[in-house]
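S.K.:
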Amino acid sequence: MLQTDYLRKHRETVAQRLLVKGFHRVELVDQLLEADQQRRHIQSTLDETLSQSKALAKTIGKLMGQGKQEEAQAVKSQTAQLKIKAKTLQEQLNNATAKQHQLLLEIPNLPHPDVPKGKGEEGNVVVKASPPALEEKDQRLLPHWDLAKKYNLIDFDLGVKVTGAGFPVYLNDGARMQRAFVSFFLDQARKQGYQEVQPPLLVNENAGFGTGQLPDKDGQMYHVTQDNLYLIPTAEVPLTNLYGNRILNTREMPVKIAGYTPCFRREAGSYGKDVRGLNRLHQFDKVEIVQIVHPGESYKVLEAMTSYVVSLVEKLELPYRVLKLCGGDTSFAAAMTYDVEVYAKAQKKWLEVSSISNFETFQATRMKLRCKDNHGKKILPHTLNGSALAFPRVMAALLENNQREDKIKVPRVLVEYMGKEFIQ
RNA sequence: GGAGACGUGGCAGAGUGGUCGAUUGCGGCGGUCUUGAAAACCGUUGAGGUUAGUAGCCUCCGGGGGUUCGAAUCCCUCCGUCUCCGCCA
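For what it's worth, the numbering used here labels the leading residue of the first sequence as 2, then goes sequentially.
1. With distances taken from CA atoms, which of L381, P296 and I424 is nearest R247?
2. Pull up the DSSP beta-bridge partners for C372, would you.
3. How would you label P201, buried or exposed, when you count the other beta carbons within 10 angstroms and need 16 or more for buried?
4. Measure the CB-CB distance between Q199 and G245 and report whether it falls below 8 Å.
5. Compare the Cα-Cα distances from Q227 to each of N205, W351, N242 and D219 and report the closest residue.
6. Tell me the rounded alpha-carbon separation between L438 and K287.
7. Quick one: Cα of K129 to Cα of S355, how far?
8. From the DSSP secondary-structure annotation, give me the bridge partner or partners of E482.
9. Tell me whether S388 sits in a helix, a strand or coil according to DSSP, three-state version.
10. Do three or more CB pairs link the segment 97-115 to the segment 11-22 at distances below 8 Å?
11. Quick one: Cα of N125 to Cα of K192, how far?
12. Buried or exposed: which applies to S308, given that a residue is buried once 16 or more other Cβ atoms fall within 10 Å of its Cβ?
13. Tell me H283's beta-bridge partners as DSSP assigns them.
14. Would Q292 and L187 be called neighbours here (beta carbons separated by less than 8 Å)?
15. List the residues that DSSP assigns as beta-bridge partners of C264.
16. State the DSSP-derived secondary structure class of K162, mapped to helix, strand or coil.
17. My parser needs the beta strand (DSSP E) runs of 3 or more residues fully inside the segment 310-339; what are they?
18. Below 6 Å CB to CB, which residues in the same chain sit around Q425 once its five sequence neighbours on both sides are set aside?
19. Nearest to W146 by CA position, among K88, T60, V310 and Y171, is which residue?
20. Would you kindly check if the distance between the Cβ of E422 and the Cβ of V411 is under 8 Å?
21. Among the residues of its own chain, which have a CB less than 6 Å from the CB of P296, if the five just before and after it don't count?
22. Going straight from the alpha carbon of N359 to that of K77, what length do you get?
23. Check L104 in the structure and name its three-state DSSP category.
24. Do K84 and S54 come within 8 Å of each other at the CB atom, strictly closer than that value?
Structure (structure tokens):
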């Protein structure tokens, strides 16, 4: 959520930067400013009315205290009109405020000035990549779904039986590898100073609004209507909202937390595209890292978080590249995002295993999260998060890239967690 | 699920219709004293809106609504917490 004050002062810049994101409904900004102006006008009229009414009430109180009943009664008769006026104004104020708030929720975050223009994938910029791997001469590489079957690691059909497509069942070393990921990624995060947190997997509506999934991505989350709760699409939602409605003091900053959770996504509208095997699922596991920092540090932190994610794929010995997302691909709530992709040799595809974003004050505003600056003044901190990492695509790439004739090599860093060097 | 109690400022805890945004204690911050610290003493210390404003005005005692000239205080409703019973990993 942007701040109205900023919109008022920088309307033109705002309109231009929204265009970078492909957001053309600039009229929303104008409507918002109009609603805001109305609101402020009503507010001051109401304040004045209440002030008069309050003064009269005090007078009555005094007169009653002195036992001057008749005089009190006389003053009472003056209050009726003010009362009606105040009620009308209050209603108007509520309407204007609600309208302003609703418009505010529909306007996406502004992209950082360094975010490249572009509509989709083709506009993203590769900013870093591992040295290109030598082309394998052996072209008989199996895609991970075949390997999963060959070594009995994942059963997709069983998942269909009990739930539906996109809910795989991990078996044997497949299940064990999932567990290895949980431990490995959380151990790594802890070494980086992240506090380990295990959050709820269902969140309320308010949390959904706080991080920006609602109302924008309503249809992408599983909604438990009976209790009006949502299954989390990412740990970002419960983790970041942990700090909602707070004023963090200097000692609590920066906040660095990490959590492992399953994630649930309806993926409505994405059927048929890259959905084979583990590439796109309705339920998957992920370790998420979140930071809440002072505004001046957030872009430095975004780089640091990205480097950390890169260090993970390097430790897993996976070929990777880092993309700076263009405006069109940057999400509703984000100001800047890096994607980290790994290369899956058999599919010959880049798979996104992490997305690291700086939301600046967008989420903080929505969540009413604040901190203090050096002078003790209340300011809005910046929030950031990133996957570190999403399991299924890491597993897909590991299986495909590390396959041998009759086994799959476990990367060195995972051997202690897997308890073996090869999957056979 | 049934019955009851309760929800006040960072925390604890007063306040049951009138000048209460709220007594007090702890904590925090500033100061006096001290070589330094502690103790003691003095002062200060919630949030939001409007505004050029640390001026004024308005709002906020779990959320929402109502009664009243006036509500933290009364009524309704929702949410949450606690206790007892039932059920249960």
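For every residue, glycine included, the Cβ atom is placed at its ideal position computed from N, Cα and C.
M.R.: By the coordinates alone:
1. L381
2. L249 and I380
3. exposed
4. no
5. Ranked by how close their Cα comes to the Cα of Q227, the residues N205, W351, N242 and D219 have N205 in first place.
6. Residue 438 lies beyond the range of the chain shown here (2 to 425); nothing can be said about it.
7. 14 Å
8. The question about residue 482 has no answer here: the residues shown for the chain are numbered 2 through 425.
9. Taken through DSSP and simplified to helix, strand or coil, S388 comes out as strand.
10. yes
11. Cα-Cα distance, rounded: 31 Å.
12. exposed
13. According to DSSP, H283 bridges with nothing at all.
14. no
15. F285
16. helix
17. Fully contained in the segment 310-339 are the following beta strand (DSSP E) runs of length 3 or more, in chain order: 321-325.
18. K408
19. Checked all of K88, T60, V310 and Y171; the closest Cα to W146 is Y171.
20. yes
21. H383
22. If you take the alpha carbons of N359 and K77, they lie about 57 Å apart.
23. helix
24. yes
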